[in-house]
Every structure is written in C-alpha cells, then in structure tokens.
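J.: 100 is the number that my numbering gives to position 95 of the sequence shown; each next residue is one higher, with no gaps. Just so you know, even glycine gets a beta-carbon here, dropped at the ideal spot from N, CA and C.
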Amino acid sequence: MGYPLSMKEAVVKKVLMSNKTHYEIAKEVGIARSTLTYWLKQYTKDGEMNLINVEKSPKDWSGEERFNALLTTASMSETNRVSWCRKEGLFTHHLDQWKKDAIFLLTQKESSLKSNDLKELKREIISLKKELSRKDQALAETAARL
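1. Taking all protein chains shown into account, do 16 or more other C-beta atoms lie within 10 angstroms of the C-beta of D13, making it buried, or fewer, making it exposed?
2. Does DSSP put S82 in a helix, in a strand, or in coil?
3. Less than 7 Å separating the Cβ of M81 from some heavy atom of the ligand COA?
4. Report yes or no: do three or more beta-carbon pairs, one from the stretch 60-76 and one from the stretch 99-111, lie closer than 8 Å?
5. Express the C-alpha separation of E29 and K19 in angstroms, rounding to a whole number.
6. Look up N24 in the DSSP assignment and say whether it is helix, strand or coil.
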C-alpha cells in the first residue's frame, strides 16, 4: 500500500518532535513499525525530506508523460535509469512496458492506415470498373450504329 508523501512527512516530523517511541506513534497512526523505521532512514541528516512520493502511481501517468519518460530515459545508462525511476516512483519494468505499448500502438496504427488505404483502393477499383463497363457499352452502341 502506498502512503501519500504528505502523510509520510507528517509522521516523520511527529516522531522527531515527540517524546513518544516509534512503536507508539506507528500504532497511533496505524502503520507498521518497520514502515516508520524505513521512512526515518529515508529522512536525510540535513533535515530534507527524501521520501518517495507514491501519490501518483504508474497507471495514473498520461500518455504524454509516459512518452516524455521514455524520451528522457532512452539515452541513460541502466544505473541512471534505475535512479531516475526511483526518484519518480517507478520501476524499470514500467518503462519497458510503456515502450512495448507505444510500439504496439504505432504498428497497429500503421496497419489500420494500410487497411484504410486498401479499402479506398478497392472502392476506386470498383468505380473504375463501372466506368470502364459504361464506356464499353457506349462504344458498342456507337459501333453498332455505324
């Protein structure tokens, strides 16, 4: 279960400002003590909150945001890519799946374009055949009159 960043910050501040034990605060807030311990480890010594923001899950990313993520990470080394994903609250398998989805949609779009082009060409062939048939009949009538 992911907790909002604001909740994480509030709980960590409460631990740092309170005289209560971690166990008491974890029980009071309704989270596991190990979770609270993990959040405290993420809290950096210079007083800056370095907690992972999970308010936005990978499924909540828009198509444009996914595309931008793919562009951003395309030229990164695997280490930098993992670090970037961690910072954004993602895993590398999300990027891999988004890439597969984009490729699938692009190839599907191409095939649908080909399908539409094919339908259009078939209509044009039928139209040309009708026109040729009409002109053949007109030519036959003209030849019969001469």
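T.: Here's the rundown:
1. As written in the sequence, residue 13 is Lys, which differs from the Asp given in the question. K13 should be labelled buried.
2. coil
3. Only the bare structure without any ligand can be found here, which leaves the ligand COA out of the picture.
4. The stretch 60-76, when compared against the stretch 99-111, does touch it at the 8 Å Cβ threshold.
5. 11 Å
6. coil
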